[in-house]
Amino acid sequence: MAFSCQFLFLFGLALVGLTSGRALNTDEDVSPRIGIIGAGIGGTSSAFFLRQLYGPKVTIDVFETEKVGGRTTNIRINAQDYEAGGTIIHKKNKYMVELARKFNLTAYDNRGGILGLWAEDGIRLQTSEWTAITLAKLVWRYGMDLYTARHWINNIGFKQFSRIYEFQDRGMAFTTVEDMLRAMGDDLLNMTRYTMNEALRGIGLSQTFIDEYAAAAVKDNYGQTVEANGFLGVVSLMAVQPELWSIQDGNKRMAEILLRESKANLVKGTVNTVALIRDDLGTGGVSYELDYIKGNDKKNTESKEYDIVIVAAPLNEQTKNKISFAEFPRDVVSFKQEYHKLVSMFVQGKINATSFNVGSQQECPDEVITITPNYFFNSVKKVSPVSPNTEPETPFKAEEAIWRVFFNKNPTQEEISKLFESHSDLRLVDWWAYPEYRAGMDLPPFMLYDRLYYVNAVESAASAMETAVIGGRNVALLAFNQWHGNFDKIDEVQLPSLASSSGDAEKSEL
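According to mature numbering (1 follows the signal peptide of the UniProt record, and there is no 0), the stretch in the sequence shown is residues -21 to -1, 1 to 489, in order.
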């Protein structure tokens, strides 16, 4: 019944568009007023792609409560900045690579040093600075599992995942995450229905490999376990492939430049209500009013009217700034998207080598990921500043370094002491980082109502900077296609012939 209701709703919107959408919007001078809630990677990429599609005349406002960049942010310790949010980008992240090149952003190597997979009885596997030795250790412990996993990732992960770029380059968009995944490949959609453990067992991987190597990948990247869904397993294992990088001065620079290049208006304020103020069935006329608190003064409230609204912030009960939806004929947030809390601790100090069953600090790996389920920390890593040419305010003491530790909850003083012999500075950052990934979880729609869109629906598949840009571009294309009545470019899960879509090539360029 839920499927049929959604189908009828979407079919009704299509009928309205077919009967009136083209007539309403054939005048080239008619441009929508667009409001975007959230200036993270998803919101700013939406603004950037909308500007490319609509041209200079369209009005785009981007609302942001805090800093541009969202969950990509820096933290300062000893006069140097360190990456505190989204930290890594893969060389096969097409949009992030192309946008960084387009904007002349400098990349720096983020592969890290020696890695240890640690359980309470000690380090199970430790890599070497010599690639050949590392490969020998991996083969000795996991046999052919590494080859099987890499082959699976290349075929199921990179090859099927990359199909979304072909769809978007031809101007095609999707109203639901499910249809987007189906277009990428049925295997990827099916991965959301099974646990990571089930998916990896299904391709013949050993339980040792799953409990150690795969568990470390999902623990370090998402703070979760192999009981998360299989699609997250694909993305997590993609993230431990070689050739990882970050943007100099912080990955938040991408959002800042996307916003600048979009020529959108940044509105410093907190949107608390999205109200449907006009919904003319049969004419395609829809208008929304955004009520927002300007700046930090809760008494200073204002409102603005828009033809298109894009929500580029999580819609869940855990977020600090909740958005209410008023005057709608039905519930527009009919899904549950529970988020996972992550705590990042940055410490200037000396690692406690004895806690990791090694003889000295020099023997301790540069990064340690725990493979013990439900242990008090996820990973601890020696990190470098995002701006390599900066100097610390005070010199480091002997054997001191900056370490980043990921937890799933705030650490106790006893737990901090277990990790560090001593420390001269300590900073904590906590946030609702990404969804709790479960097999068979809800896959929210990109379209909440007519011309009301939700970028963060894409996070129900996987949360990463690249997927945020994919979600941002999908919503931009969806809004554009619906505004202009291009319904043949919506929810088509098969790629059209190149000849039929060659006219979109110019608009599709980054």
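Yeah, the Cβ is synthetic: ideal placement off N, Cα and C, and Gly gets one too.
**OP:** Using alpha carbons as the reference points, say which of Y271, D286 and K283 lies closest to K301.
**Re:** Y271
**OP:** Flag this pair as touching only if the stretch 367 to 377 and the stretch 310 to 323 have three or more C-beta atom pairs under 8 Å; answer yes or no.
**Re:** no
Subject >> Of the listed residues N134, F153 and L104, nearest to Y121 (C-alpha basis) >> reply: L104
Original post:
What's the C-alpha gap between R180 and E240?
Top reply: 46 Å
Original post:
According to the Cβ coordinates, are G451 and V434 closer than 8 Å?
Top reply: yes
Original post:
For the beta strand (DSSP E) that contains residue 492, what are its first and last residues?
Top reply: Since the first and last residues shown for the chain are -21 and 489, residue 492 lies out of range.
Original post:
Hey, how far is the Cα of N53 from the Cα of P475?
Top reply: 42 Å
Original post:
Can you tell me where the beta strand (DSSP E) with K361 in it begins and where it stops?
Top reply: S358 to K361
**OP:** Indicate the three-state DSSP secondary structure (helix, strand or coil) for N244 in the structure shown.
**Re:** strand
Original post:
If you count every other CB in all the chains shown that lies within 10 Å of the CB of F335, and 16 or more means buried, which is it?
Top reply: buried
Subject >> Which listed residue (S24, V384, Q59 and T23) has its alpha carbon closest to that of V365 >> reply: Q59
Original post:
Are the beta-carbon atoms of D345 and K329 separated by less than 8 Å?
Top reply: no
Original post:
How would you write the range of the alpha helix (DSSP H) that S334 sits in, first residue to last?
Top reply: No alpha helix (DSSP H) holds S334; DSSP gives it neither H nor E.
Original post:
Looking at the structure shown, is E317 part of a helix, part of a strand, or coil, going by DSSP?
Top reply: coil
**OP:** Output the distance between the C-alpha atoms of T174 and A194, rounded to the nearest integer angstrom.
**Re:** 12 Å
**OP:** Determine the direct distance from the alpha carbon of N389 to that of E378, and round the result to whole angstroms.
**Re:** 26 Å
Original post:
Tell me the DSSP bridge mates of K46?
Top reply: In the DSSP output, where bridge partners are listed per residue, K46 has none listed.
**OP:** Could you check if D286 is buried or exposed, using at least 16 other CB atoms within 10 Å of its CB as the buried criterion?
**Re:** buried
Original post:
Three or more beta-carbon pairs under 8 Å between the stretch 189 to 204 and the stretch 388 to 408, yes or no?
Top reply: no
Original post:
For E296, which option in F314, E281 and P308 has the closest C-alpha, if you only look at C-alpha atoms?
Top reply: F314
Subject >> M217 versus L269, V290, S141 and E284, residue with shortest Cα-Cα distance >> reply: S141
Subject >> Among A292, Y33, N251 and S10, nearest to G49 - alpha-carbon criterion >> reply: A292
Subject >> Uninterrupted beta strand (DSSP E) stretches inside the stretch 430 to 456 (no shorter than 3 residues) >> reply: 431 to 433
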